[in-house]
Amino acid sequence: MTNTQIRIRQWIILAGVVTVVVTFAIGVAIFSQGKEKKETVTPSTTISLKDDSFNEEHFVTTYGAQMNALEKEVAALSAKLKREEERKRREKQTQESDARFNDTFETIQDEHLGSISTPSAHYSSSVTKRGSNRTNGETGPRLVIKKVSEATNSDKSVSHKKDEIAKNRTKEKKADELLITGSFARARLLNGVEAPTGGQANGNPVPMLLEIKDPAFLPNRYRADIKRCMVTANATGDLSSERVLVRLDRLSCITESKGAIDVKLTGYVTGEDGKTGLKARVVTRSGQAIANALLVGTLSGLGEAVSLAAQDSATNFAGTVTHSVNNPWRAGLGEGMQDALDRVADYYLKLADKIFPVLEVDAGRDVDIVITQSASIVTEKSLF
1 MTNTQIRIRQ WIILAGVVTV VVTFAIGVAI FSQGKEKKET VTPSTTISLK
51 DDSFNEEHFV TTYGAQMNAL EKEVAALSAK LKREEERKRR EKQTQESDAR
101 FNDTFETIQD EHLGSISTPS AHYSSSVTKR GSNRTNGETG PRLVIKKVSE
151 ATNSDKSVSH KKDEIAKNRT KEKKADELLI TGSFARARLL NGVEAPTGGQ
201 ANGNPVPMLL EIKDPAFLPN RYRADIKRCM VTANATGDLS SERVLVRLDR
251 LSCITESKGA IDVKLTGYVT GEDGKTGLKA RVVTRSGQAI ANALLVGTLS
301 GLGEAVSLAA QDSATNFAGT VTHSVNNPWR AGLGEGMQDA LDRVADYYLK
351 LADKIFPVLE VDAGRDVDIV ITQSASIVTE KSLF
C-alpha cells in the first residue's frame, strides 16, 4: 500500500467521525428544545438566591431564637397537661377513698318503716337502699344490716397516717397527774444570787432555790395544789438588759400520803414587772484594780524621773548623744523602781480585765414560774 492510499483512507475515517459528531450534536439540540417547551407548559415557582453559598451563621441568628421560644412553649404546655392529668387522677383517688370509707363505717341504718325484719340466710353484701322491700302495713323501726368489706390498701394507709398523728399528741391524763405546758405559779426566792455576766455566764450558772406559794394555774382555770413545793433553778446574767435570766431545773414535793415527787422541770421565771427574768443591780469590782494600776503607774513614772535626774546628756555637732551617770546609786534605784512598778501595773490591769460585772438579786422577792414542758407529778401511793 502506497502513501497516497494511506492518506485517502485516513481522510475517509476522519470524515466519518466528523459526520457522527455533527449528527449527535444536532440530535441533542433538538431534544433540549423539546424539553424546554414541555417545562414552560407546567407552572412552577422559582426561588432565586442572592448568594449561592448557604450562610449557617445567618440562619441560626435569624431563626434560632424563634425555634427556642417555640420549644419552650411546647415544653410548658406539656408540663401543664401532665399537671392537669395528675390533679384529675388525685381527685379521682380521693373520691374513691371517701366512698370506700363511707361504705366501711356505715354498718347499721335505722329506718322507721314498721316491724323489724330478720335477714335471710343468703343476704347480699351490697348496701341495702332506703325504702326498698317495703311491705304494706309495716310500722316501727326496721334494722338494716350491711356486710362490712375488708379494709383496702388505701384505708390501711389512712389509718397509718392517723396513728402517726396520734403519736405527736399528748396522752390524756388527769389534771392532778400533770403540770401541763403553759401552767404557772407564784413563788418566792429563798436565796439571792450574784449572777455572772460576760463569757462565763452561760458556762457557770448560779443555782437558786424557790418555794411555791400558791396552787398552780393550769389551762381552763384549773388549779393544781403544789403549794409549798420546792423548785431549783439556774441563773445567768444579761448585762445588756441588766436582768437575771432564770431557767427551772427540778421540782420536789411531799404528798399527803407521804409520797415523794422529784421530777425534771422545764420553764423560766418572770419578775414583778411581768417580763422574762429578774431586774437586778449591776455590781462591778474592777474599779479598785484600775485605781491600783493608776497609782502604781504614777510611782513608776517617778522612778523614771529619778533615774533620768542622775544622768547627764550631751550632743556634739554630728548629732551624737552621749549619756553620763553622775550618781550611779540614784540612777540604779530609779531604774529598778520603774521596772518593778511597771510589772505591778500590768498585773492590776490584767486583774481588772478578768473581773466581770455581776448582777445582784436579793432573796425574798415574789416571782412567777412558767412551765414550758409538761411534767408528771404522779407518785406510787397517791396524789395530793
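Counting in UniProt numbering, the final residue of the sequence shown is number 384, and the numbers go up one at a time with none missing.
Positions of the beta carbon are idealized from the N, C-alpha and C atoms, including for glycine.
Annotated three-state conformation of G277 is strand, per DSSP. In this chain, the beta strand (DSSP E) harbouring P207 covers V206 to I212. Ranked by how close their Cα comes to the Cα of F217, the residues L209, F184 and L210 have F184 in first place. The residues R243, in chain order, have a CB closer than 8 Å to that of K275 in the same chain once the five nearest residues on each side in sequence are set aside. Where N234 is concerned, the enclosing beta strand (DSSP E) starts and stops at M230 to D238. In the DSSP assignment, G267 falls within the beta strand (DSSP E) that extends over T266 to T270. Collapsing the DSSP output to three states places T94 in a helix. A direct Cα-to-Cα measurement between G203 and R83 gives close to 55 Å.
Going by DSSP, S252 is part of the beta strand (DSSP E) stretching over R243 to I254.
Remark: C-beta atoms of R188 and D366 approach each other more closely than 8 Å. Residue state for I371 is assigned as strand, using DSSP reduced to three classes. Under the Cβ criterion (8 Å, minimum of three pairs), the region 228-242 counts as touching the region 275-285.
In this chain, the beta strand (DSSP E) harbouring P196 covers V193 to P196. A Cβ-Cβ contact shorter than 8 Å links R186 with D214. Counting the other Cβ atoms within 10 Å of the Cβ of Q338 gives 16 or more, which makes it buried. In the structure shown, S376 falls within a strand segment according to DSSP collapsed to helix, strand and coil. F184 is bridged by DSSP to F217 and V370.
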